[in-house]
Each structure stands twice: as structure tokens, then as C-alpha cells.
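From first to last, the protein sequence lines stand for chains L and A. Residue numbers for the first sequence follow the numbering used here, beginning at 1 and rising by one. Residue numbers for the second sequence follow the numbering used here, beginning at 218 and rising by one. Yeah, the Cβ is synthetic: ideal placement off N, Cα and C, and Gly gets one too. Data first, discussion second: the structure below is written as C-alpha cells.
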Amino acid sequence: MISFSNVYKRYPNGFEALKNIAFTIKQGEMVFITGNSGAGKSTLLKLIGAIERPTTGSIIVNDQNISKLKNSAIPYLRRNLGMVFQGQKILFDRSVFDNVVLPLQICGFEHQSAAGRVRAALDKVGLLDKEKALPITLSGGEQQRLCIARAVVNRPSILIADEPTTYLDPSYTKDIMNMFKSFHQVGVTVLITAPTPELLESSQYRILSLSHGELVT
Amino acid sequence: MNMWLSHHWHAFFLALQRLVDSPLASLLNIIVIGVAFSLPTGVYMLLGNVQSFSGQLSGAPQLNVFLKLGTGKDAIEKLESHLKQHPQIENFRFLSKDKALEQLKQRNGMAGAVNSLTRNPLPDAFIIDAKSISPETLKRLRNEMLKWPESMHVQLDSDWMERLNVLLKLGQIALLILTALLSFALIVVTFNTIRLQILTKRNEIEVSKLIGATSNFIRRPFLYFGAIQGVAGGAIAWLIVALVINLINSELMNLVHLYAVDFQLHHISFEDSISLLLFSSWLGWAGAWLSVASHLWQIEP
Numbered sequence: 001m002i003s004f005s006n007v008y009k010r011y012p013n014g015f016e017a018l019k020n021i022a023f024t025i026k027q028g029e030m031v032f033i034t035g036n037s038g039a040g041k042s043t044l045l046k047l048i049g050a051i052e053r054p055t056t057g058s059i060i061v062n063d064q065n066i067s068k069l070k071n072s073a074i075p076y077l078r079r080n081l082g083m084v085f086q087g088q089k090i091l092f093d094r095s096v097f098d099n100v101v102l103p104l105q106i107c108g109f110e111h112q113s114a115a116g117r118v119r120a121a122l123d124k125v126g127l128l129d130k131e132k133a134l135p136i137t138l139s140g141g142e143q144q145r146l147c148i149a150r151a152v153v154n155r156p157s158i159l160i161a162d163e164p165t166t167y168l169d170p171s172y173t174k175d176i177m178n179m180f181k182s183f184h185q186v187g188v189t190v191l192i193t194a195p196t197p198e199l200l201e202s203s204q205y206r207i208l209s210l211s212h213g214e215l216v217t
Numbered sequence: 218m219n220m221w222l223s224h225h226w227h228a229f230f231l232a233l234q235r236l237v238d239s240p241l242a243s244l245l246n247i248i249v250i251g252v253a254f255s256l257p258t259g260v261y262m263l264l265g266n267v268q269s270f271s272g273q274l275s276g277a278p279q280l281n282v283f284l285k286l287g288t289g290k291d292a293i294e295k296l297e298s299h300l301k302q303h304p305q306i307e308n309f310r311f312l313s314k315d316k317a318l319e320q321l322k323q324r325n326g327m328a329g330a331v332n333s334l335t336r337n338p339l340p341d342a343f344i345i346d347a348k349s350i351s352p353e354t355l356k357r358l359r360n361e362m363l364k365w366p367e368s369m370h371v372q373l374d375s376d377w378m379e380r381l382n383v384l385l386k387l388g389q390i391a392l393l394i395l396t397a398l399l400s401f402a403l404i405v406v407t408f409n410t411i412r413l414q415i416l417t418k419r420n421e422i423e424v425s426k427l428i429g430a431t432s433n434f435i436r437r438p439f440l441y442f443g444a445i446q447g448v449a450g451g452a453i454a455w456l457i458v459a460l461v462i463n464l465i466n467s468e469l470m471n472l473v474h475l476y477a478v479d480f481q482l483h484h485i486s487f488e489d490s491i492s493l494l495l496f497s498s499w500l501g502w503a504g505a506w507l508s509v510a511s512h513l514w515q516i517e518p
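Quick look at the structure:
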């Protein structure tokens with residue numbers, strides 16, 4: 001479960017990115033967050049992963065109050081979240097396999113069981129035959145799928161993705177969205193930011209719209 | 218426990234991989250550390266060898282009382298009984314001038330010279346071991362013996378030992394200063410290597426932090442890298458010193474043979490070798506730790 005109540009985020013330069021945000025996302029729900037550039041979508045996701053801290057208000061993720069979380073506890077919170085970042089954050093000097101295995105190495109998995117999980121994740125995103133390839137040799141869609149595999153390899157209960165379809169052509173976009181739906185179908189809470197609602201017109205999922213840092217729906 | 222081991226194994230493997238990834242830079246660093254460390258190690262070995270050689274030569278300091286030429290048998294017997302009763306003398310032996318000449322003849326290359334002498338120029342002598350080895354007591358004894366009417370010269374063979382000991386102490390101070398300076402240099406070399414690594418691995422550190430890596434997880438491979446580099450540098454220093462000792466020993470053999478002395482430089486003992494490797498590894502670790510502590514906090518996702 002993710003719960004925001006009266007959350008404000010003001011950056012040191014005085015810019016107020018989020019104002020009085022309050023919502024609850026139930027376990028296993030799939031939610032889209034939309035809004036124009038600068039609306040506060042990325043900030044909202046960063047607050048869930050404790051990459052940013054709220055100025056005021058409380059954020060509960062998996063029964064943990066992130067606003068009061070000690071810095072030393074943040075890594076353990078992030079291990080239970082699958083995050084697909086806007087800038088992808090791929091390590092281009094490592095193979096596809098080595099990129100995906102990183103969260104498991106961080107959690108202390110043994111090589112054998114980690115390898116099994118990595119291959120399962122790569123299979124799920126259709127990259128099993130490219131495990132030895134370097135990310136630079138992958139297409140944009142494949143790189144995004146690599147990021148999804150890295151996010152889900154640790155089998156998180158919450159999957160958050162910051163504009164995962166930006167810069168992808170429509171065929172890849174549909175592909176990636178179907179992937180998130182499949183994770184949602186197996187009980188994962190999925191939270192995705194998307195710049196425009198057009199993409200989601202036919203979506204049967206809940207949509208939270210942000211405008212100038214405020215929740216409008 | 219398994220997770221702890223797994224983390225350490227992963228960090229160790231990653232550190233090795235980073236060493237192998239830039240082989241030339243790593244090798245040069247290790248050689249610099251090795252050469253720098255071979256200096257204090259070499260000086261330490263040299264001091265140890267000189268110390269053991271001087272101990273081997275002198276044992277307990279002795280007093281040699283050389284009697285005036287022509288000292289009679291009665292006077293010698295009188296001196297012997299005096300020495301027997303002396304409270305500060307452990308034991309003594311009389312070396313007659315004939316026996317001294319015989320011993321001189323047996324020395325390498327001296328037989329010809331001795332045979333050419335028309336008369337024995339050597340004096341009778343007493344070789345005395347004192348009960349105390351304190352320099353003051355020995356000097357008091359020497360002054361007392363100098364006053365004997367039969368004594369021509371009294372030689373205290375601890376004089377050169379004292380001078381050598383002072384020199385060795387100076388050498389030890391120089392060794393300490395050299396070790397401290399070069400240890401500092403090793404820390405600086407490792408600090409800078411790790412700083413550059415942190416800069417080049419910035420993206421990896423950032424991603425790791427984003428997906429749940431603790432500071433310890435990120436820090437560990439750098440610490441292992443510093444320790445491995447340090448221990449490899451220590452091993453190079455060991456090799457350099459062992460090689461130099463071998464080279465010197467082969468030349469030294471010819472030299473000591475000329476003086477009829479049995480001496481060769483000892484190699485680094487097993488304990489000293491382990492201490493060297495542990496110390497260099499610790500210094501590498503310390504350099505890495507300082508570097509990580511001062512640079513890692515600057516990288517936040």
C-alpha cells in the first residue's frame with residue numbers, strides 16, 4: 001500500500017514541486033500518474049523511493065513512514081521497490097545479465113540462485129537470448145525492457161516507472177505497457193507516470209492527474 | 218552469514234576485476250608501492266644483519282691485558298692469582314706470546330710474514346671476561362689493570378661495539394622516519410587511485426544506491442582493491458629485497474672468504490614476511506578507506 005497525506009515538497013531554491021498531495025493506492029492496484037512537464041510526477045515517484053524527502057506531510061509505503069525513515073534504512077526500503085528510472089540508468093560497461101543481477105548481488109543472493117532469477121526476468125521481458133550482449137547493442141525498446149527486468153528481478157511488491165515509454169515508438173510503447181499489465185496481473189502494485197493522458201484514453205486503470213504540483217483528479 | 222560471505226566474495230571479486238580491467242595502471246601502481254616499500258624493508262634487513270653479525274663477532278665484551286715484554290714467570294703467576302680472587306672477573310685465560318704467534322701463523326696469508334720474523338714481537342696477554350657487561354664497570358676494570366706495573370696496554374673490545382650500537386640506533390631512527398614517509402606515500406597513492414576509480418564508477422555507484430545498496434556494499438570493493446594493491450606492493454618489495462640479498466650474498470661470499478669469516482646476509486624471516494604483507498595491505502586499506510570516506514558521500518542519486 002502507498003499512502004500520501006498532506007504532502008508538500010519544496011526544493012531549496014523555493015520551487016514548490018508538490019502541494020497538499022493526498023491519495024492511497026491499494027496493494028495490487030495499477031495506477032497512472034499524468035501531467036505536463038514540471039507537474040511534479042517525477043518528484044512524486046522520487047518521494048516513494050526516498051530519493052527525495054517531503055517538506056511536510058507523511059508518506060506510508062509498505063507500512064513504513066518514509067518521512068521519518070532514517071538514512072541507514074533507505075537502502076532496505078528500496079530493495080522492496082522495483083524502479084524504472086526516467087534516464088534508464090543502465091550500466092553500459094556491463095552485459096545485460098550483469099545489469100540485471102545487480103539488485104540480487106546487493107541483496108546477497110548466491111550466484112546460482114541469482115542466475116536463475118535473472119534468466120527468469122530476462123525471459124519475461126523477451127531478452128533471454130541477449131543476456132551476454134552489451135546494452136549499447138540493444139534498441140531503445142530493448143534497453144527499456146532491460147530496465148524493467150532489473151526492476152522486477154528482486155520480485156518487488158511495488159513497481160514504479162517514471163515515463164517508461166518516453167522516446168519509444170508506438171509499437172514499443174504497447175509492448176512495454178503490456179509488460180507492466182502482466183506484472184499487475186500477478187499482484188504487483190504498479191505505478192507509472194506518463195506525460196499525456198491520450199496514451200491512456202482506453203485504459204481501464206485509475207489515473208491521478210497532477211497540474212502545477214497539485215492533484216486535480 | 219551466507220549473505221555476509223556472499224557480499225564479501227562479491228566485493229573481493231569486483232576488486233580483482235577492477236585490477237585486471239586496467240592492467241597497466243594497476244601494475245605501475247603496484248610496482249611504485251613495491252619499490253617504495255623495498256627501501257625500508259631493505260634497510261630493516263641490513264640493520265638486522267649488522268646487528269646479528271656484531272653479536273656473532275663480539276659475544277660478551279672482553280678485556281685484553283697485554284704485558285710488558287720481558288715480564289717474568291713469577292710476575293705472571295702473581296697476576297694469575299690476583300685475577301682468580303678478583304670479585305668482578307668471571308674467568309680469564311693466559312695467552313703466551315708463543316701461542317699468540319702460533320695462532321697468527323695459522324691465519325690465512327700470515328704464515329709467510331710470521332716466518333720471516335727474526336724474533337717474536339708479540340707480548341704475553343691475559344684475556345679476561347668480566348662478570349658485568351656494563352660499560353662503566355668495564356672501563357673501571359680497564360683503568361685498574363692499566364695501573365698494574367706489568368701491564369703495557371689494556372684493550373677493551375666493547376668500544377667499537379658501543380660505537381656500532383649508537384650507529385645502529387641512528388639507523389633504526391632513520392628506518393622509522395623512512396617507513397613513516399613511505400607509508401604516507403603508499404596511502405597517498407592508494408587514496409588517489411581510489412579517488413579516480415570513484416569518479417569513473419560514479420554512474421555505477423549512483424545506480425547501486427538507487428536500487429538499494431548500502432554504503433558498506435559500495436565501500437567494500439574499494440577497500441578490497443586498496444588492500445589487494447597494498448599486499449601486491451608488499452610482495453613486490455619482498456621480491457626486490459630477496460633478489461638484492463641474493464645478489465649481495467654472492468659477492469659477499471668472495472669478500473668474507475678473504476677475511477676467513479663465516480658471514481652472509483639473512484633472508485627475510487617468515488614472521489617478517491607476513492608482517493610486511495599485512496602492514497602493506499593495511500596501508501592500502503587505510504588509503505582506500507580515507508578516499509572512500511572523503512568522496513563517496515558526494516555521490517547521491
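Which residues in the same chain have their Cβ closer than 6 Å to the Cβ of residue i, if we skip the five residues on either side of it in sequence?
{"i": "L:ALA39", "result": "LEU210 and SER211"}
{"i": "A:SER508", "result": "PHE408, ILE411 and ARG412"}
{"i": "A:LEU318", "result": "ASN337 and LEU339"}
{"i": "A:LYS418", "result": "none"}
{"i": "L:LEU122", "result": "LEU128, GLU131 and ALA149"}
{"i": "A:LEU236", "result": "SER243"}
{"i": "L:ILE60", "result": "SER3"}
{"i": "L:LYS9", "result": "ALA17, LEU18, THR43, PRO54 and THR55"}
{"i": "L:SER67", "result": "PRO54, SER58 and ILE59"}
{"i": "A:PRO438", "result": "ALA228, LEU231 and ALA232"}
{"i": "A:GLY287", "result": "none"}
{"i": "L:LEU191", "result": "VAL31 and ILE160"}
Can a CB atom of chain A be found closer than 7 Å to the CB of residue i?
{"i": "L:GLY40", "result": "no"}
{"i": "L:LYS89", "result": "yes"}
{"i": "L:ARG78", "result": "yes"}
{"i": "L:ILE51", "result": "yes"}
So with Cβ pairs under 7 Å, would you call residue i a contact of chain L?
{"i": "A:ILE415", "result": "no"}
{"i": "A:HIS483", "result": "no"}
{"i": "A:HIS512", "result": "no"}
{"i": "A:SER498", "result": "no"}
{"i": "A:PRO240", "result": "no"}
{"i": "A:PRO518", "result": "yes"}
{"i": "A:MET243", "result": "It is Ser, not Met, that sits at residue 243 of chain A in the sequence shown. Chain L contact via Cβ: absent."}
{"i": "A:PHE487", "result": "no"}
{"i": "A:HIS225", "result": "no"}
{"i": "A:MET220", "result": "yes"}
Tell me which residue opens and which closes the beta strand (DSSP E) that residue i is part of.
{"i": "L:THR24", "result": "16–25"}
{"i": "A:ILE306", "result": "306–312"}
{"i": "L:GLY193", "result": "It is worth fixing the name first, because residue 193 of chain L is Thr in this sequence and not Gly. From DSSP, the beta strand (DSSP E) with L:THR193 extends over 189–194."}
What residue range is occupied by the uninterrupted alpha helix (DSSP H) comprising residue i?
{"i": "L:ASP175", "result": "170–185"}
{"i": "A:SER498", "result": "487–512"}
{"i": "L:THR43", "result": "41–48"}
{"i": "A:SER223", "result": "219–238"}
{"i": "L:ARG150", "result": "140–152"}
{"i": "A:PHE480", "result": "Segment: none, A:PHE480 is in no alpha helix (DSSP H) and carries neither H nor E."}
{"i": "L:SER211", "result": "Per DSSP, L:SER211 belongs to no alpha helix (DSSP H); it is in the beta strand (DSSP E), 206–211."}
{"i": "L:GLY57", "result": "No alpha helix (DSSP H) contains L:GLY57, which is instead part of the beta strand (DSSP E) from 56–61."}
{"i": "A:ARG436", "result": "432–475"}
Please go through the same chain and pick out, in chain order, the residues whose beta-carbon is closer than 8 Å to the beta-carbon of residue i, but skip the five residues on each side of it.
{"i": "L:ILE136", "result": "PHE92"}
{"i": "L:LYS46", "result": "GLU52"}
{"i": "L:ASN6", "result": "ASN20, ILE21, ALA22, THR56, GLY57 and SER58"}
{"i": "A:LEU300", "result": "ILE306, PHE309, PHE343 and ILE345"}
{"i": "L:SER114", "result": "The sequence as given places Ala at residue 114 of chain L; Ser does not occur at that position. For L:ALA114, where only same-chain residues beyond five positions count, the Cβ hits under 8 Å are VAL101, LEU104 and GLN105."}
Apart from the five residues on each side of it in sequence, which residues of its chain come closer than 7 Å, Cβ to Cβ, to residue i?
{"i": "L:VAL153", "result": "VAL100, PRO103, LEU104, ARG117, VAL118 and ALA121"}
{"i": "A:ALA503", "result": "ILE404"}
{"i": "A:ILE344", "result": "GLN279, ASN281, PHE309, ARG310 and LEU312"}
{"i": "L:GLU163", "result": "GLN86, THR193, ALA194 and PRO195"}
- Item | Contact set between the segment 418–432 of chain A and chain L, restricted to residues whose Cβ is under 9 Å from the partner | ASN420, GLU421, GLU423, VAL424, SER425, LYS426, LEU427, ILE428, GLY429, ALA430, THR431 and SER432
- Message: So if I threshold CB-CB distances at 9 Å, which residues from the segment 92–109 of chain L count as touching chain A?
- Response: PHE92, ASP93, ARG94, ASN99, LEU102, PRO103, GLN105, ILE106, CYS107, GLY108 and PHE109
- Message: My parser needs the alpha helix (DSSP H) runs of 4 or more residues fully inside the segment 68–128 of chain L; what are they?
- Response: 74–79, 96–107 and 111–124
- According to a CB-to-CB cut-off of less than 7 Å, which residues of the segment 63–75 of chain L neighbour chain A? PRO75
- Looking at chain L, which residues of the segment 434–450 of chain A have a Cβ within less than 9 Å of any of its Cβ atoms? PHE434
- Query: Can you list the alpha helix (DSSP H) stretches of 4 or more residues lying completely in the segment 366–426 of chain A, in chain order?
  - Reply: 376–417
- Message: Which runs of the alpha helix (DSSP H) at least 4 residues long sit entirely within the segment 237–303 of chain A? Give them in chain order.
- Response: 240–275 and 290–302
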